[in-house]
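Quick notes on the structure that follows.
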Amino acid sequence: MLIVLAYMFLGSFSVVPPGKNPVDMAPAIDPTYYLHRTLPQTPIPVPFGLRMNTTAPPSGQTETTLQFNKGTNYYWYSDPLTPGCAASGTWTFYVWADTATTLSTLDVRLDLTSSSGGNSRSIGAFIGKTINALTPTLYTISIAGSGIGLQTNDRFRLTLLPEGGGANDSHMNIIYDGYGSETVGSETRLSTTVSFTNCSLNLRVRNWSLTDTIPGAIVYKDSQIQVSSSNGWANWTNVGGIVQIKVQYFGYWVNGTFPVTLDSNKTLDIRANIYNITVTVRPANQEGVLQSVNVTAYNSTQYGSSSKIATGITDANGRVSFQDVPNGTLFFTSYAKSDYSILISEFSQTVSTNGQSISLIADQNAGTATLPWEVFFIASFVLSRWPTAPDNAAKRKPKT
């Protein structure tokens, strides 16, 4: 079971698929959108417009000319985008154009819309570019763009408007989508140096009860990994798109893989399958409990410091509590001495719930040595049979 607790924000704290365009497949840096004469990908957005994408026109294709009438908006839409965070920065519109006389004025606007063309969010605009060439000429228009979050299937929309009234011509001509007057590398196009992978991702690993943060967990973002810090955090910057997250702890997967959509900066708490448990140690006849036993949990049968998950000494009730152990099959040992020299039990147990109780049965033949119970008494090991009278309780032998 996986629970992700999320808080969402753009540019501050936040909570807890697939187009052939580099920006459509995954956020990309420095995209260039070429204007085409074809319809946008479905659903066709409203108001009506044409398609722009990162595919340049074929080298042998003859360009086309579109006559712009004054006071009319003309639209181009990108293919649907994947999520990301577009930083603020400059967008540049390169346009081949001419006019019938010596003066026309072109307004350029860039917005982010939904796939259907609605939910318009402004990125930037340039008002009043003078077009005064009588033959096709390349004009460059710079647009100061604001930072914005890209949601799944958003589109960029480029709006071109020839201003009406005054000394403006009745129309101007825009040349695009091919070659003739245009030259290769200088086509009518929209370019930017803005990065769309400008999101931050902050993940905090917590235990199931949400009382502890977990250091030392291996947190995966797709194929990238980070080890959670002393306060449980794993952080990434300059990311975007849809990423897959999973967490490993002491070699155990402590949550299922889940997606995070990076359409804003995000901070998430991961509620992992990391539990608090109680271990009770009993003698072989299971009558009573064993005190002062060293109980250790490992992630394998290769008992050693590198595989140790938790360790502790049983109390007067024969119990020891372990905090923050992973779900899965753990290997428990108990020793009659704190120095791990006398092994008295070894069992594998599956941990699957928070607050789980586990019983270990001490075996005098555990390990490679056959040890009489007297050795355990000498090792400060106390055996209780739940006595009905004081003299029924097992006594520790005095040291000699």
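In short: position in the sequence shown from 1, add 705, done, that's the numbering used here.
Here a beta-carbon is modelled for each residue, glycine too, at the ideal position from N, C-alpha and C.
Quick one: is residue i near chain D, going by C-beta distance under 9 Å?
{"i": "Pro1031", "result": "Absence of chain D from the displayed structure is noted, only one protein chain being present."}
Take residue i and list the residues in its own chain whose beta-carbon comes closer than 8 Å to its own, dropping the five residues that flank it on each side.
{"i": "Thr810", "result": "Gly833, Lys834, Thr835, Ile836, Pro867, Glu868, Asn873"}
{"i": "Arg826", "result": "Asp816, Leu817, Thr818, Ile853"}
{"i": "Ile1063", "result": "Ile982, Thr983, Val984, Thr985, Phe1037, Gln1054, Val1056"}
{"i": "Ile1018", "result": "Ser997, Val998, Asn999, Val1000, Val1025, Ser1043"}
What residue does the beta strand (DSSP E) around residue i start on, and which one ends it?
{"i": "Glu892", "result": "That residue, Glu892, is in no beta strand (DSSP E); it is neither H nor E in DSSP."}
{"i": "Ala1002", "result": "999-1003"}
{"i": "His876", "result": "876-881"}
{"i": "Asp917", "result": "Note, Asp917: premise wrong, no beta strand (DSSP E); not H, not E."}
{"i": "Ala802", "result": "794-804"}
{"i": "Ser969", "result": "Segment: none, Ser969 is in no beta strand (DSSP E) and carries neither H nor E."}
{"i": "Val944", "result": "938-944"}
{"i": "Ser1064", "result": "1062-1066"}
{"i": "Arg862", "result": "860-867"}
{"i": "Lys926", "result": "923-926"}
When DSSP labels each residue in this structure, what does residue i get in the three-state scheme?
{"i": "Ser1011", "result": "helix"}
{"i": "Asn960", "result": "coil"}
{"i": "Ile848", "result": "strand"}
{"i": "Asp1096", "result": "Reliability fails at Asp1096, whose pLDDT of 37 lies under 50, so the model's placement of it is uncertain and no value is given."}
{"i": "Val899", "result": "coil"}
{"i": "Arg756", "result": "strand"}
{"i": "Thr747", "result": "coil"}
{"i": "Glu992", "result": "coil"}
{"i": "Lys775", "result": "coil"}
{"i": "Arg987", "result": "strand"}
{"i": "Tyr782", "result": "strand"}
{"i": "Arg1024", "result": "strand"}
{"i": "Asn1070", "result": "In this prediction, Asn1070 has a pLDDT of 47, which is less than 50 and means its spatial position is unreliable; nothing more can be read from the coordinates."}
{"i": "Gln766", "result": "coil"}
Under the DSSP definition of a beta bridge, which residues are partnered with residue i?
{"i": "Ala830", "result": "Arg814"}
{"i": "Pro1031", "result": "Ile979"}
{"i": "Ala791", "result": "Ile853"}
{"i": "Lys951", "result": "Tyr925"}
Say the cut is 8 Å; is the CB of residue i nearer than that to a heavy atom of the ligand ADP?
{"i": "Phe753", "result": "No copy of the ligand ADP occurs in the structure displayed, which carries no ligand at all."}
Kindly list the residues whose CB is nearer than 6 Å to the CB of residue i, restricted to its own chain and excluding five residues on each side of it in sequence; keep chain order.
{"i": "Gln766", "result": "Gly883"}
{"i": "Ala922", "result": "Val910, Ser933, Val952, Tyr954"}
{"i": "Ala838", "result": "Asp803"}
{"i": "Thr777", "result": "none"}
{"i": "Tyr925", "result": "Lys951"}
In chain order, what residues of the same chain lie with their CB nearer than 7 Å to the CB of residue i, ignoring the 5 residues before and after it?
{"i": "Gln772", "result": "His876, Asn878"}
{"i": "Asn1032", "result": "Tyr957, Val959, Asn978, Tyr980, Val1056, Ser1057"}
{"i": "Leu1088", "result": "Reliability of the predicted coordinates at Leu1088 is poor, the pLDDT of 44 falling under 50, and the value obtained from them is presented with this limitation in mind. For Leu1088, where only same-chain residues beyond five positions count, the Cβ hits under 7 Å are Pro988, Gly993, Leu995, Ala1099."}
{"i": "Pro788", "result": "Leu855, Gln856, Thr857, Gly945, Gly946, Ile947, Thr966, Leu967, Asp968"}
{"i": "Gly794", "result": "Gly850, Thr897, Thr898, Val899"}
Exercise. Would you say the segment 963-972 touches the segment 994-1005, given that touching needs at least three Cβ pairs under 8 Å?
Worked result: no
Exercise. Touching or not, the segment 743-753 and the segment 894-910, by the rule of three or more beta carbon pairs under 8 Å?
Worked result: no
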